[in-house]
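Asker: Each residue of the sequence shown is one higher than the one before, starting from 12 at the first, in my numbering. Handing you this structure, nothing more for now.
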Amino acid sequence: MPEAYIEQLERSDEITKQRLLYGNFDYDDTPGKLFRWDEIADLFTANVEPSNTVYITCDVARLGEDKTIIIVWKGLNGFDVRTYQ
């Protein structure tokens, strides 16, 4: 690529830079999104501090073949998973 084009892309907004300079065509950082692309990509490299906080999550089944799943967590580690038909 011509150096002038690369310099122009480096001065562009983050979405244009990610897509055209780095080839990351899935990059989208629209303000209305639930999660920013950078945050999703960071899931694979982020260091998370251990936590002793215990909590429960539940995915409630409603109709059909769906199952209810309850998970007990300590920090970000799910240690007790219960599944109900």
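Even glycine gets a Cβ: it sits at the ideal position worked out from N, Cα and C. Every value quoted in this text rests on a predicted model; they were computed, and no experiment measured them.
Look at Trp84 and Thr68 and say whether their C-beta atoms are less than 8 Å apart.
Answerer: yes
Asker: Identify every residue that forms a DSSP beta bridge with Asn88.
Answerer: Lys85
Asker: I need the straight-line Cα distance from Ile17 to Gly34, nearest angstrom please.
Answerer: Each residue's Cα considered, the two are about 13 Å apart.
Asker: Thinking C-alpha only, which one of Gly43, Asp37 and Gly86 is nearest Ala52?
Answerer: Comparing C-alpha distances from Ala52 to each of Gly43, Asp37 and Gly86 shows the shortest one belongs to Asp37.
Asker: Note down, in chain order, each residue of its chain lying with its Cβ closer than 6 Å to the Cβ of Leu74, except the 5 sequence neighbours on either side.
Answerer: none
Asker: Just curious, the beta strand (DSSP E) that Tyr66 is in, first and last residue?
Answerer: Start and end: Val65 to Asp70.
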